[in-house]
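Residue numbers (my numbering): 57 to 220. Built from N, CA and C at the ideal position, the CB exists for glycine as well. Keep in mind the model is a prediction, meaning the values are calculated, not measured.
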């Protein structure tokens, strides 16, 4: 409960978003086709960058779970342009970060009991380029992430079509 209260605070939430973005350091073009992105990350980064990756993984997972537990956190994230952070995580092509970003997308589009909140969140994500970034995930060729990406896209589509 204390963590959720902290995450409703925009100043503290900015830090969490920054930690997510800082760890999403590999771009898709830096990873050879068919290569394991996690292995590529470990091979091409020093210890400090690996720590940033681990921190981003923890921060993005925490945000995804927090949105599912407290819609006020989701609304605060949208006010801080969470779409930008989600796009950077999705385009990192690091499976663990991509997975957490996709869960965050799904939670933002489905967590609120009020469909207008879900729709508002979905509009923010779509306008922020998340759909195109989901397309990058689908091109990764990872079957598990592809399924989660399709679910996230469906959640966005459903949320966009609803209002109370």
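Proximal residues to residue 89 (C-beta, below 8 Å), its chain only, five neighbours per side dropped: For residue 89, the predicted model reports a pLDDT of 49, less than 50, meaning its position is unreliable and no value from the coordinates is stated.
Cβ-based neighbour list, residue 208, same chain, cut-off 7 Å, excluding 5 preceding and 5 following: 158, 161, 162 and 190
From 182, 154, 178 and 166, residue whose alpha carbon lies closest to that of residue 202: 154
Inter-residue spacing [alpha-carbon to alpha-carbon] between residue 194 and residue 165: 19 Å
DSSP three-state assignment for residue 84, whether helix, strand or coil: With a pLDDT of 39 at residue 84, under the threshold of 50, the modelled position of that residue is not reliable, and no figure is offered here.
For residue 117 and residue 85, the rounded distance between their alpha carbons: Note that residue 85 scores 39 on pLDDT, short of 50, meaning its location in the model is unreliable; the coordinates nonetheless yield the value given after this. Residue 85 and residue 117: Cα-Cα distance of roughly 25 Å.
When 198, 60, 171 and 183 are compared against residue 152, the one with the closest alpha-carbon: 198
Residue 64 beta carbon less than 9 Å from that of residue 128: yes
Inter-residue Cα distance where the pair is residue 184 and residue 102: 31 Å
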